[in-house]
Every structure is written in C-alpha cells, then in structure tokens.
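>
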Amino acid sequence: MTDVLIIYDSNTGNTEKAAAEVLEGVKESGASAVAKKVEDVTEADLRTALAVILGSPCLHDSITGRILYFVEGLMRNVSLSGRPGAAFGSYKWSGGNLSRLEAELKSQGIRLVAPGVNSLRAPNAETARKLRALGQTVGEEALKLKKDL
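The working numbering puts the sequence shown at residues 1267 to 1415.
Okay, here's the thing in structure tokens:
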C-alpha cells in the first residue's frame, strides 16, 4: 500500500520537475509515496493509495488530453471519496489547468487538503518550496488516515 500516489503528465519536463518536488515533500512528512506518469497508473495503484495528488501542464487553458482521459476513465472506476488530495501543474501563458484539476479531484470526492500550486515553466526556488509544502501536507493527512485504519 502506498500512502500517497502522485499522478502527473508532462510535455516539456516542467511538470515532471514539479512532481519531483511534491514527492520530496511527501517523503519529508514520513509518508510513503510514488510518482507515476499518468499512462503508467493502474487501477490497483488507485485502489491502494490513501491519498492522490494530480498534476498536469496547462494546454489551451486546461489539462492535457491524457489527464482528461484518465480522470474520465480509470479514475471514475475507483471510489476515492473522502481521501485527501491536491493538485499541481505548470504553465507558460495561462494557468487554467489548476482549477480544472481541482474540480476533477472534487468531483471524485477527494478532499483538497492543500492549496494547488502552479509553476510558471520549471519550478523556481519559491515555487519548489510551495510544491514541497503541498506534498508534506498531503503526506501528513495520509498518515492520519492510515492511523485510523
């Protein structure tokens, strides 16, 4: 069982770098975590994760097609209601991806426990700090949930 599953898509590598910062934050909380590209996530991954963090680059002021396909397909096959989660991403021109990611997580019943973080291109030092804080918060929430099991 993984405490926190970080699911992301990345076109240019910026969101992958952001995912690495989120992963570090989760590890700082003491929770276990795995970061996977969206196409590598299985139904078993979702079923066994206590918390879910979803990341996408911004494409046409929204999320990528791979993330959309995932949330409208595989993610709807698994009950995620009540689990903690958060969203992150990267953008170049506009940041409409973050609100869409958060809406998708909420539609699955996921409790957003940290404010979403969007990085203008690759994360700078300040954005990296926010991404790690996001990961740490979700990790702490996953550990609370684990203790109650």
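Even glycine gets a Cβ: it sits at the ideal position worked out from N, Cα and C. On a predicted model such as this, the values are computed, not experimentally measured, just so you know.
I'd like the span of the beta strand (DSSP E) that includes L1242, first residue to last.
Nothing in the structure corresponds to residue 1242, since the chain is present only between 1267 and 1415.
> Here's the rule: buried if 16 or more other CB atoms are within 10 angstroms of the residue's CB, otherwise exposed. What is N1280?
Buried is the call here.
> Whole angstroms are fine: how far does the CA of V1307 sit from the CA of S1365?
Cα to Cα, S1365 sits roughly 22 Å from V1307.
> Relative to the alpha-carbon of F1354, which residue among L1411, P1381, S1295 and E1338 has its alpha-carbon at the smallest distance?
The shortest C-alpha separation from F1354 is found at P1381.
> Cα separation between K1358 and E1305?
Whole-angstrom Cα-Cα distance: 23 Å.
> How would you call G1321, buried or exposed, if buried means at least 16 neighbouring beta carbons within 10 angstroms?
By the 10 Å Cβ count, G1321 comes out buried.
> With a CB to CB cut of under 6 Å and the five nearest residues on each side skipped, what residues in its chain are close to S1347?
Result list for S1347: G1375, in chain order.
> By the three-class DSSP mapping on this structure, what secondary structure does R1377 have?
Strand at R1377.
> So what's V1270 in DSSP terms, helix, strand or just coil?
In the structure shown, V1270 sits in a strand (DSSP, three-state: E or B).
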